[in-house]
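Numbered according to the UniProt record's numbering, the sequence shown terminates at residue 255, and the numbering increases by one at each position without gaps. Accompanying notes for the structure given below.
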Amino acid sequence: MSDGQQPAGWYPSGVPGEQRYWDGAQWTEHTAPVATPGPPPSTLPPPPGGGGGRSMAYVLIPVGVCVVLAVVLVVVGLVASGGDDDEASPSPTTEEGGPDTTEDEDDGPTGPGSADEPLPIGQTATIGDYEVRVTSVDLDATDEVLAANEFNDDPTNGTYALVEVEATYTGDEEGTPASDLTATLQGGDGVQYEQFECSAVTPGGVDFTTLTEGGSASFDLCWDYPSDAADGATMFVEDFLTVDGEDARSYWEVG
């Protein structure tokens, strides 16, 4: 196309990014940068005239309703929670005139052979698989014990006590009373003295004879204790392997 056929307007000048104005007859000295194309026009149709405020109202009304409902639910929940606490935690009440259901504490066994009612010397008690009888008691047997063996030492606590016991086996198998039974001297001073505290050899010795049903054996028990604990003293015999405590003991009065 010749220059005479070009209509007036802006055309590329041949310089990158530049355009020159053609007046319809010739090129002018007017140049300008090439305009950068803008974003494509939106394809969404314009909102109808006067409808913007109404649309906003349609959005805000449901939001406001939701906020109000949320506040109401929170308040109702707090009130309901407080009521449940009151119902679940009633004030303690005391019933007057009701029976006393507190059980008395177990004070241990009572009756003959108990700590409060010890048996007299010579009376028999059942202990485990044995019938046990205390046949003699000497709470001042120091001279007798020292004479029984030249290697016996003087009592550490002051006095030797010597008790003779007879045991009859009533079980179905076998038993050795000298090892199956253990004895303790309960001094009048409130202190318990054990057999192992006496290391002396006794006049009658210890009989480790094994018994079957109906068999009997006699043996000595020795304690090393202070003589002032003799008054009011008792002794008890129990099964060496017992777990029943005082329920499996029998007491004798020896002081």
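Beta carbons are placed, not taken as given, at the ideal position from N, Cα and C, and that holds for glycine.
Requested in this report: Name the residue from A161, D239, A70 and G232 whose alpha carbon lies nearest to the alpha carbon of P120.
Outcome: G232
Query raised in the report: Whose C-beta lies closer than 6 Å to the C-beta of Y21 among residues of the same chain, with five residues either side of it excluded?
Result: W10, T28 and H30
Report task. Check T176 in the structure and name its three-state DSSP category. Result -> coil
Query raised in the report: Quick one, which of V15, T234 and D239 has its alpha-carbon nearest D129's?
Result: D239
Requested in this report: Determine the closest residue to S179 out of T159, D224, D23 and Y169, with distance taken between C-alpha atoms.
Outcome: Y169
Query raised in the report: Mapping DSSP to helix, strand and coil, what is V191?
Result: coil
Report task. Provide the residue span of the alpha helix (DSSP H) that contains A183, from first to last. Result -> Here A183 belongs to no alpha helix (DSSP H); instead the beta strand (DSSP E) covers L181 to Q186.
Query raised in the report: Which of helix, strand or coil does DSSP assign to V15?
Result: coil
Requested in this report: In the DSSP assignment, find the unbroken alpha helix (DSSP H) run with residue 331 in it and report its ends.
Outcome: Since the first and last residues shown for the chain are 1 and 255, residue 331 lies out of range.
Query - V137 - containing beta strand (DSSP E), residue span - result: Y130 to D138
Query raised in the report: Just checking, does the stretch 206-219 make contact with the stretch 146-160 on the three C-beta pairs under 8 Å criterion?
Result: no
Query raised in the report: Straight-line CA distance for P16 to P33?
Result: 9 Å
Query raised in the report: In angstroms, rounded to a whole number, what distance separates the CA positions of E18 and A25?
Result: 20 Å
Query raised in the report: If you drop the 5 nearest sequence neighbours on each side, which residues of the same chain put their C-beta closer than 7 Å to that of W252?
Result: P118, L119, I121, V134, T234 and M235
Report task. My understanding is that C222 touches A161, with C-beta atoms under 8 Å, so please give their C-beta distance in whole angstroms. Result -> 7 Å
Query raised in the report: In terms of DSSP beta bridges, what is F219 paired with?
Result: V165
Query raised in the report: Going by DSSP, what residues sit across from L119 in a beta bridge?
Result: W252
Query raised in the report: Going by the beta-carbon positions, is the gap between T159 and T142 smaller than 7 Å?
Result: yes
Query - Cβ-Cβ distance between T182 and T210 below 7 Å - result: no
Query raised in the report: For the putative contact between D136 and A167, defined by C-beta atoms under 8 Å, what is the C-beta separation to the nearest angstrom?
Result: The sequence given here has Ser at residue 136, not Asp. Rounded, the Cβ-Cβ distance is 14 Å, inconsistent with contact.
Query raised in the report: How would you write the range of the beta strand (DSSP E) that V145 sits in, first residue to last?
Result: From DSSP, V145 is part of no beta strand (DSSP E) but of the alpha helix (DSSP H) over T142 to A148.
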